[in-house]
Amino acid sequence: MRKIEMFLLLFFLVLSVGAYVSCSHLPVDAGYAIGPGFMPKAISVLIAAAVLLRIGELARLKDPEKGRFFAEGAPRCLLLVVALLVLAVLGMESLGVYTSVFGFMIAVLLFISRQALVQSLMASVATTGVFYLIFDLWLKLPLPGGLLF
Amino acid sequence: MTGLHDLILGFAAVLSPYNLLVIFFGSMVGTVVGMLPGLGPSAGIALMIPLTLGMPKIAGLALLVGVYMGTMYGGRISSILINTPGDAPAIMTAMDGYPLMQQGRGGMALGISAIASFFGGCFGLVVLTFGAPVIAGYAIRFGSAEYFMLMVMGLSFISVLAGKSITKALLMTFLGFLVGMVGSDYVSGYSRMVFHQELIEGVDFVAVIIGLYGIGEVLFNVEKRVTVALEQPHFSLRQMFPGAQDIKKAIAPMLRGSLIGTLVGILPGAGGTTATFISYAVEKKVSKTPEKFGQGALEGLASVEGSNNASVPGALIPLLTLGIPGSGGTAIMLGALIMYGLKPGPLLMVESGDVVWATIAGLYAANFFLLISNILLIPLFISLMQIIQKRLTATVAALCLLGAVAINYTTFNVWVVVVFGVLGYLFKKLNYPTAPFILSLVLAPLTENYFRQALMLARGDFTVFFTRPISLSIFLVILGTFVFSFLKKFRHGKSSQAAA
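Just so you know, the sequences run in chain order A and B. Using the numbering used here, the first residue of the first sequence is number 17, and each one after it goes up by one. Using the numbering used here, the first residue of the second sequence is number 2, and each one after it goes up by one.
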């Protein structure tokens, strides 16, 4: 648990340094008021301070929360869902939004929810169909199509 | 009586078949979301925001308040039937609701809790209707320095009160602020942290909340695999209508709970969960039979449900009058107001009074629909939950993906959703509160703007924030909050050392 939090905190530290550096060319004052660089720089410093404070707290913890960060078998499922999300986003431009989401749903129902193929197909068709009715027909928000739909 | 007059105009605007249908739909969705463990008010509102993109302002906001109110009703159903709270505020509902179910009085428990929820909602709405114009009337005299201090106060309160660790909450507040500053600074024209052309207008708030509360919850549920074995109840409709004796017993607790819920709801960072815990404790204290609490005390159930639902209109008071949301749910509502081109703050009720009052009227309508549906449609909600639960991960994730594309028809926001989804999962696992993040993300541009304006008017004099009476008072409140919080932590540390 502590290791993962440390990684996250280090990521935030890098983020704050990156934000400070990317705003370093911006003026901090503008006449009587603050310039566009004031707030991002001040907040970056505050983030870095809060991160260091939290790292200090973690280091001082006598009884760090023991146990695994992920539940058993969870990393594989989590990675699979994230991978499917990424594939769905990549597929949106070529296959079309609805086709991509339809494929994503089938895969999640089959491999994560462990549903039977016919059930997964039916649920995906029904859900995507309902979403199409809501977005395209009711709300008049036509989502981009692609090769298939 | 200005509130009543405005409310009547609000009803005139909201009472169209389309709006009523939207409110009914929102209430139903909210109830089901509230029943599902893991999805709370924030997730419910976040998931519905994309649907409001194609709606008129009033209908869109009415949908969101319908969902918000619906989640408060929904949480109690699984609490009473199977002792599994659908959301955090429903934890206290299970204390006496489930024992009543075990005693064969489940129908009555569902009925009385629906009536108490309705009563609490109405109580809070009446306070909102007549209290909000008074507060807004005072707040309208505020200058930039006062507004800036108010924003800081909202952020401070939520940082101190949300979550167990102040450091984590402060870190989340600063991170939200940083993300809120990405994009073009509209005063100077400079671009800040713009690494992609889509970021010129900033990180889209809707994409961030869909990621944090939608995909984040999906990933969390994939790991935890929380399911609720909810089956159709075996009691008749007649059993759900409490008798005159039960109603008589519940009236005073409902009133006390509603008062506590409204007051706690107004406080930034508190909300429904705190309100239910306090009202339950108070009710037990004033009861002549405290030993019955936890074993099916009707008073406990009525008080908790009244306070839970009264906290929703209570939380809307600072949001609509001062532009300061006090919780994750109201922070998302604030984002929705901005999305519709409204300017949150004391002038909101003057400049956009028609929309605000129509939204409040929508809440009254939602509360009415929810009372009826939560007595008559319990079997339908349970059937819906049984169907959705098995496909929750896929359905919610698909809705998140489609909602993200609907924001501006590009895939950029879908990537934002995925990134914030992973972060949302990590935040939840590591107990980093997301409410301060969302609140500061929404308030960042406004806070910076008021800070600038105040300094400009004071010709660069920083003491302007401490020399004006109201801003100084707000500063002292902020200071007091932090001192109190640190002292509490220090004492807690000492007492744990002594115990060890």
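The beta-carbon is built from N, C-alpha and C at its ideal position, and this holds for glycine as well.
Grab the span of the alpha helix (DSSP H) containing THR448 (chain B) for me, first residue to last.
-> 436-458
task = Alpha carbon to alpha carbon, how far is GLY404 (chain B) from SER312 (chain B)? Give it in angstroms, no decimals.
result = 28 angstroms
Point to revise | Which of helix, strand or coil DSSP assigns to SER192 (chain B) | key: strand
>> For ASP45 (chain A), list the residues DSSP reports as bridge partners.
In response: A:ILE50
Q. So is PHE178 (chain B) in contact with chain A if we call contact Cβ pairs under 9 angstroms?
A. yes
Give me the chain B residues within the contact set of ALA35 (chain A), using Cβ-Cβ distance strictly less than 7 angstroms, ordered along the chain. LEU179, MET194
C-beta neighbour in chain B for THR143 (chain A), strict 9 angstroms
yes
Under 7 angstroms by beta carbon: chain A residues contacting GLY55 (chain B) | LEU155, LYS156, LEU157
Which full runs of the alpha helix (DSSP H) of 4+ residues lie inside the segment 52-140 of chain A, going along the chain? 54-76, 90-111, 113-127
Between LEU100 (chain A) and ASP88 (chain B), what straight-line distance do the alpha-carbon atoms span, to the nearest angstrom?
28 angstroms
Taking only beta carbons into account, state which residues of the segment 435-464 of chain B come closer than 7 angstroms to chain A, listed in chain order.
-> GLU449, PHE452, ARG453, LEU456, MET457, ARG460, GLY461
Margin query: Does chain B have any CB closer than 9 angstroms to the CB of SER32 (chain A)?
Written below: yes
How many angstroms separate the CA atom of PHE120 (chain A) from the CA atom of LEU95 (chain A)?
14 angstroms
For this session: Put SER38 (chain A) into one of helix, strand or coil per three-state DSSP.
Result: helix
Shorter than 9 angstroms from the beta carbon of GLY161 (chain A) to some beta carbon of chain B? no
If the criterion is Cβ atoms closer than 9 angstroms, does the pair PHE119 (chain B) and LEU371 (chain B) meet it?
yes
In its own chain, which residues sit with a C-beta less than 6 angstroms from the C-beta of GLY297 (chain B), not counting the 5 before and 5 after it? ASP97, PRO100, LEU101, GLN104
Three-way DSSP call (helix, strand, coil) for GLY425 (chain B) in this model: helix
Consult DSSP for GLY184 (chain B) and reduce its assignment to one of helix, strand or coil. strand
Check your understanding: Straight-line CA distance for GLU21 (chain A) to LEU431 (chain B)?
Key -> 7 angstroms
Out of curiosity, what's the CA-to-CA distance linking GLY266 (chain B) and ALA276 (chain B)? 7 angstroms
Inset, instruction - Give the DSSP-derived three-state secondary structure of GLY161 (chain A) in the structure shown. - result: strand
Using CA atoms only, rank isn't needed, just tell me which of A:GLN135, A:GLY107, A:SER32, A:ALA123 is closest to VAL180 (chain B). A:SER32
| query | Between VAL105 (chain A) and chain B, is there a C-beta pair that is closer than 9 angstroms? | reply | yes
- prompt: For SER474 (chain B), does the count of other Cβ atoms within 10 angstroms reach 16, so buried, or fall short, so exposed?
  reply: exposed
Is it a yes or a no for the segment 31-40 of chain B touching the segment 55-72 of chain B, going by three-plus beta-carbon pairs under 8 angstroms?
yes
- When the distance is taken between beta carbons, is PHE124 (chain B) closer than 9 angstroms to LEU22 (chain B)? no
Checklist entry - Measuring CA to CA, which of B:PRO57, B:GLN233, B:ALA140 is closest to LEU381 (chain B)? => result B:GLN233
**Item:** Within-9 angstroms CB hit, SER38 (chain A) to chain B
**Value:** yes
| Where the alpha helix (DSSP H) through TYR148 (chain B) begins and ends | 145-162
- Task: Give every residue of the same chain whose Cβ lies closer than 6 angstroms to the Cβ of PRO43 (chain A), excluding the five residues on either side of it in the sequence, and list them in chain order.
- Result: GLY51, GLY53
Output yes or no for whether 9 angstroms exceeds the beta carbon distance between VAL223 (chain B) and CYS93 (chain A).
yes
State the Cα-Cα distance for the pair ALA501 (chain B) and PHE485 (chain B), rounded to the nearest angstrom.
Below a pLDDT of 50, predicted positions are generally treated as unreliable, and ALA501 (chain B), at 42, falls in that range; no measurement from the model is reported.
Could you have a look at LEU302 (chain B) and say whether DSSP puts it in helix, strand or coil? helix
With respect to the alpha helix (DSSP H) encompassing GLU292 (chain B), which residues constitute its N-terminal and C-terminal limits? Where GLU292 (chain B) is concerned, there is no enclosing alpha helix (DSSP H), given that its DSSP letter is neither H nor E.
Self-check item: Distance, GLY422 (chain B) Cα to LEU149 (chain A) Cα
Solution: 26 angstroms
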